[in-house]
Amino acid sequence: MAMSAMYQTEVPLYGDLLNLVAEVNAEVLTKHPDIKEQLEHTGEIDRLSMERHGAIRLGTAHELSMMRRLFAVMGMHPVGYYDLAPAGVPVHSTAFRAIDAQALNQSPFRVFTSLLRLDLIDDDALKQEASNALANRNIFTDTVISLIERFEKQGGLTSEEGEQFIKEALETFRWHDKTPVSKKLYQRLLAQHGLIADVVGFKGPHINHLTPRTLDIDTVQQGMQAKGIPPKAIIEGPPKRECPILLRQTSFKALEEAVSFKNSEGEYEQGCHTARFGEIEQRGVALTPKGRALYDKLLSQVRHQLGATPNEGNAAQYNRILAEVFTAFPDDYQTMHDKELAYFYYQPVDSGTGINNDIANLETVNSRQAVNALINQGAIRIEPIVYEDFLPVSAAGIFQSNLQQDKQSNYDGNSNQQEFEQALGTNVHYELVLYEDIQNRSLEKCLISLGNGR
Numbered sequence: 025m026a027m028s029a030m031y032q033t034e035v036p037l038y039g040d041l042l043n044l045v046a047e048v049n050a051e052v053l054t055k056h057p058d059i060k061e062q063l064e065h066t067g068e069i070d071r072l073s074m075e076r077h078g079a080i081r082l083g084t085a086h087e088l089s090m091m092r093r094l095f096a097v098m099g100m101h102p103v104g105y106y107d108l109a110p111a112g113v114p115v116h117s118t119a120f121r122a123i124d125a126q127a128l129n130q131s132p133f134r135v136f137t138s139l140l141r142l143d144l145i146d147d148d149a150l151k152q153e154a155s156n157a158l159a160n161r162n163i164f165t166d167t168v169i170s171l172i173e174r175f176e177k178q179g180g181l182t183s184e185e186g187e188q189f190i191k192e193a194l195e196t197f198r199w200h201d202k203t204p205v206s207k208k209l210y211q212r213l214l215a216q217h218g219l220i221a222d223v224v225g226f227k228g229p230h231i232n233h234l235t236p237r238t239l240d241i242d243t244v245q246q247g248m249q250a251k252g253i254p255p256k257a258i259i260e261g262p263p264k265r266e267c268p269i270l271l272r273q274t275s276f277k278a279l280e281e282a283v284s285f286k287n288s289e290g291e292y293e294q295g296c297h298t299a300r301f302g303e304i305e306q307r308g309v310a311l312t313p314k315g316r317a318l319y320d321k322l323l324s325q326v327r328h329q330l331g332a333t334p335n336e337g338n339a340a341q342y343n344r345i346l347a348e349v350f351t352a353f354p355d356d357y358q359t360m361h362d363k364e365l366a367y368f369y370y371q372p373v374d375s376g377t378g379i380n381n382d383i384a385n386l387e388t389v390n391s392r393q394a395v396n397a398l399i400n401q402g403a404i405r406i407e408p409i410v411y412e413d414f415l416p417v418s419a420a421g422i423f424q425s426n427l428q429q430d431k432q433s434n435y436d437g438n439s440n441q442q443e444f445e446q447a448l449g450t451n452v453h454y455e456l457v458l459y460e461d462i463q464n465r466s467l468e469k470c471l472i473s474l475g476n477g478r
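With our numbering applied, the sequence shown corresponds to residues 25 to 478, in that order.
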């Protein structure tokens with residue numbers, strides 16, 4: 025929570041957003057006991073008020089590799105590969121987070137981490153200047169590097185070392201209003217893309233947003249407007265549903281902040297920068313490959329029907345089309361389960377009491393049909409496994425709406441996960457494998473519990 029406290033000091037509107045989300049969540053839990061019960065069954069209820077995701081943008085392979093080592097100290101691992109270039113944002117990314125259900129409930133913090141793709145800058149001279157600027161900065165303190173090396177050698181840190189680590193690590197993510205580049209170079213970078221200017225133009229990878237989790241993003245969106253917090257026009261992701269899927273995101277518009285640019289004489293001249301904002305998310309059930317394919321197909325259909333990039337001018341039309349098209353995606357958990365569109369926890373209802381004896385040895389139950397029979401008997405209940413990750417189209421939509429971009433950028437460069445992982449220093453975890461493993465483990469544990477209760 026240290027990062028959240030720091031960001032709240034730096035961006036006061038973020039504090040207002042936290043208060044609004046807390047109010048909405050409390051109201052939802054009061055009015056909808058079924059949602060409260062679901063969160064209790066999945067273990068998410070205790071983490072809700074402290075759940076956050078942040079986003080940072082890095083400039084070099086060395087920064088990404090060291091960031092991986094820094095997050096490893098906190099039990100956070102790279103999950104997923106996201107290529108945002110096709111959506112007009114010159115980065116590829118991963119998300120650092122815990123990877124098992126128990127650890128996620130204990131530390132529900134994710135950092136969406138992007139690496140700038142300098143190869144997509146079409147001006148060779150500017151590309152070289154950007155590369156030189158990045159080579160001349162060091163975003164980590166000597167002390168935090170020493171503590172990372174100590175952690176790797178010892179396999180852990182003492183309590184005192186851990187507190188020092190948090191303090192030193194925060195310096196990497198702190199906002200600095202004095203830039204190491206000239207105003208002229210900053211403006212040339214900005215003309216290429218606002219995100220390039222945000223990465224290259226500053227001393228370090230300041231947190232550009234932190235995101236609390238809400239249980240009703242539509243009410244938060246309306247509440248933002250009522251409280252004078254300017255929201256973006258479009259809620260990214262799927263439409264409002266009875267049974268939420270994947271991830272929905274909105275944000276308040278980025279702030280224009282005063283900055284000082286360093287000139288050739290070593291003095292500073294005034295200017296401004298727009299990039300940091302507040303974001304809100306509502307998370308739903310994680311989808312299987314089959315479910316994700318249906319989601320991607322429907323979202324593509326929506327955008328094809330709209331015939332334009334969703335924006336403030338066509339927001340009402342976009343939301344109408346989105347709702348209509350997504351009627352093709354089942355909106356109840358049982359159907360999603362039966363059609364294998366989403367991942368679920370399996371939990372025993374009453375330790376096996378009343379199980380039909382026609383179902384033989386539970387230790388050998390491994391077919392979908394047998395599991396469904398236990399569900400139909402009421403011996404097993406299903407609860408949605410929350411989607412812990414991100415959506416590239418949604419991430420790009422958030423980024424684009426909060427950068428100084430007058431037009432949509434287009435990048436033809438192919439994505440290169442192998443190149444990203446080489447810079448990272450390891451392979452990313454494939455998120456769908458993690459969800460399937462959580463589901464399988466819960467089924468195994470559930471069947472053992474039922475068997476012991478017979």
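For each residue, glycine too, the CB sits at the ideal point set by N, CA and C.
Within its chain, find whatever has a CB closer than 6 angstroms to the CB of residue i; leave out the 5 residues flanking it on each side and keep chain order.
i: residue 75; result: 132, 237
i: residue 126; result: none
i: residue 223; result: 81, 83, 140
i: residue 450; result: none
i: residue 93; result: 172
i: residue 199; result: 34, 230
i: residue 360; result: 354, 366
i: residue 336; result: 257
i: residue 343; result: none
i: residue 134; result: 77, 119, 121
i: residue 447; result: 85, 88
Under 8 angstroms by Cβ, that's how I've got residue i and residue j pegged, so tell me the actual separation to the nearest angstrom.
i: residue 318; j: residue 353; result: 6 angstroms
i: residue 234; j: residue 314; result: Contact doesn't hold; Cβ gap of about 33 angstroms is too wide.
i: residue 122; j: residue 100; result: 6 angstroms
i: residue 370; j: residue 467; result: 4 angstroms
i: residue 145; j: residue 216; result: 6 angstroms
i: residue 151; j: residue 206; result: Wrong, their Cβ atoms sit about 17 angstroms apart, outside the cutoff.
i: residue 339; j: residue 410; result: Not a contact, Cβ separation roughly 27 angstroms.
i: residue 283; j: residue 203; result: 6 angstroms
i: residue 77; j: residue 305; result: 7 angstroms
i: residue 281; j: residue 201; result: 7 angstroms
i: residue 95; j: residue 120; result: 4 angstroms
i: residue 210; j: residue 441; result: Not confirmed; about 31 angstroms, so no contact.
Given residue i, which residues of its chain have a CB within under 7 angstroms of its CB, disregarding the five upstream and five downstream residues?
i: residue 265; result: 355
i: residue 39; result: 32
i: residue 292; result: 202, 284, 285, 286
i: residue 386; result: With a pLDDT of only 47 at residue 386, under the threshold of 50, the placement of this residue in the model should not be trusted, and no figure is reported.
Residue i: beta carbon under 7 angstroms from a heavy atom of the ligand ATP?
i: residue 153; result: You won't find the ligand ATP in this model; it holds no ligand whatsoever.
Looking at the structure shown, is residue i part of a helix, part of a strand, or coil, going by DSSP?
i: residue 31; result: helix
i: residue 289; result: coil
i: residue 383; result: Confidence at residue 383 is low in this model, with a pLDDT of 49, below 50, so its placement is unreliable and the value that follows should be read with caution. Correct three-state label for residue 383: coil.
i: residue 73; result: helix
i: residue 93; result: helix
i: residue 453; result: strand
i: residue 42; result: helix
i: residue 299; result: coil
i: residue 461; result: helix
i: residue 164; result: coil
i: residue 196; result: helix
i: residue 83; result: coil
i: residue 475; result: helix
i: residue 350; result: helix
i: residue 328; result: helix
i: residue 319; result: helix
i: residue 143; result: helix
i: residue 305; result: strand
i: residue 119; result: strand
i: residue 124; result: coil
i: residue 487; result: It is not possible to answer for residue 487, since the shown part of the chain is limited to 25 through 478.
i: residue 395; result: helix
Suppose the cutoff is 8 angstroms on Cβ atoms and the five residues either side in sequence are ignored; what does the same chain contact list for residue i look like?
i: residue 48; result: 238, 239, 240, 243, 244, 247
i: residue 325; result: 349
i: residue 129; result: 67, 68, 70, 71
i: residue 341; result: 330
Is there contact here, the region 164 to 177 with the region 99 to 119, by at least three beta-carbon pairs under 8 angstroms? Note that the region 164 to 177 does not touch the region 99 to 119; fewer than 3 beta-carbon pairs, one per stretch, sit closer than 8 angstroms.
Would you check if there are 3 or more beta carbon pairs closer than 8 angstroms linking the region 317 to 336 to the region 298 to 308? With the rule of 3 Cβ pairs closer than 8 angstroms, the region 317 to 336 does not count as touching the region 298 to 308.
Would you be able to state if there are at least three C-beta pairs under 8 angstroms between the region 219 to 235 and the region 186 to 198? By the C-beta criterion, the region 186 to 198 is judged to be in contact with the region 219 to 235, since at least 3 inter-stretch pairs fall below 8 angstroms.
What beta strand (DSSP E) runs, 3 residues minimum, are completely inside the region 209 to 291? 233 to 236, 271 to 276, 280 to 286
Answer yes if the region 410 to 419 comes into contact with the region 257 to 271, meaning at least three C-beta pairs across the two stretches below 8 angstroms, and no otherwise. yes
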